[in-house]
Amino acid sequence: MTTKDEAEKTIAIIGGGVSGALTAYHLMKQRAPGRVVVIDPRPELGLGLAYSTPSLRHLLNVPAGKISALPQEPSHFLNWLRRNYDPEGMPTTFAPRAIFGQYIRSILAETTGITQEHTSVVDLRLTDRGAVLNLEDGRELHADQVVLAT
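This is the structure we're talking about:
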């Protein structure tokens, strides 16, 4: 059972690319108390610059058998790739980055409760209670914990 104080805590994640989005995903899956807020101006979490490319010629630099969003399931991406794109996909396949981006979106679709603020952090001040993040749109966000994932 979480206390009222735990339920009101905020974890702010600066950066909504793969690292920030998967940090948020794993926090939610572990039922982290409080709220998880990802701050990133992009319209969609999880893609970042690396995986938002539409070109199928831009390939991962890691073979499909050695990359996974779920560390406890090292073949998760390879199995997803076989189910969704290439039943003959090999662990040595270098999949397109755009397809890996779709995989990340499918992972994020499995959870709810992640809040995204479509803006950027322009300043961060540490306080005795955590941090105050000044956002580009003029707002302030108070966070108990901050993850820098840019």
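Residue 61 in my numbering is what sits at position 61 of the sequence shown, and the numbering runs on without skipping anything. The beta carbon of each residue, even a glycine, is placed where N, CA and C say it ideally should be.
Going along the chain, which residues of its own chain have a beta-carbon closer than 8 Å to the beta-carbon of residue i, five neighbours each way excluded?
i, result
"Ile104", "Val18, Ala21, Leu22, Gly46, Leu47, Tyr51, Ala69"
"Lys4", "With a pLDDT of 45 at Lys4, under the threshold of 50, the modelled position of this residue cannot be trusted; read the value that follows with caution. Answer for Lys4: no residue qualifies."
"Gln102", "Asn84"
"Pro54", "Ala98"
"Gly113", "Met28, Arg35, Val36"
"Asp137", "Thr119"
Under 8 Å between the Cβ atoms of residue i and residue j?
i, j, result
"Ala32", "Ile11", "yes"
"His58", "Arg97", "yes"
"Gly34", "Gln116", "no"
"Val121", "Leu108", "no"
"Leu56", "Gly65", "no"
"Thr111", "Lys29", "yes"
Residues in the same chain with beta-carbon distance under 7 Å from residue i, minus the five sequence neighbours each way, listed in chain order, please.
i, result
"Leu60", "Ile67, Phe94, Ala95, Arg97, Phe100"
"Ala24", "Ile13, Val36, Val38, Ile114"
"Thr150", "Ile14, Gly15"
In terms of residues, what are the limits of the beta strand (DSSP E) holding residue i?
i, result
"Asn171", "Lying before the first or after the last residue shown, residue 171 is absent from the chain, which here runs from 1 to 150."
"His142", "140-143"
"Arg35", "35-39"
"Ala98", "Segment 97-108 is the alpha helix (DSSP H) holding Ala98; no beta strand (DSSP E) there."
"Glu44", "Neither: Glu44 is in no beta strand (DSSP E) and is coded neither H nor E."
"Ala12", "10-14"
In chain order, what residues of the same chain lie with their CB nearer than 6 Å to the CB of residue i, ignoring the 5 residues before and after it?
i, result
"His142", "Val132"
"Leu148", "Ile14"
"Asp144", "Lys9, Thr10, Gly130"
"Thr2", "Unreliable positioning characterises Thr2 in this predicted model, as indicated by a pLDDT of 49, which lies under 50. A coordinate reading is not provided."
"Arg139", "none"
"Val146", "Ala12, Ala131"
"Asp151", "The structure shown does not extend to residue 151, since the chain spans only 1 to 150, so no value can be given for it."
In the DSSP assignment, the alpha helix (DSSP H) including residue i goes from what residue to what residue?
i, result
"Ala24", "18-29"
"Ala69", "No alpha helix (DSSP H) holds Ala69; DSSP gives it neither H nor E."
"Leu49", "48-51"
"His58", "Careful: His58 lies outside any alpha helix (DSSP H) and carries neither H nor E."
"Leu126", "Run containing Leu126: none in the alpha helix (DSSP H); it sits in the beta strand (DSSP E), 121-127."
Below 7 Å, is the gap between the Cβ of residue i and the nearest heavy atom of the ligand MN?
i, result
"Pro54", "As far as ligands go, the structure on display features none, and thus does not contain the ligand MN."
Closer than 8 Å is the cut-off here; do at least three beta carbon pairs connect the region 33-45 with the region 73-92?
Short answer: they don't touch.
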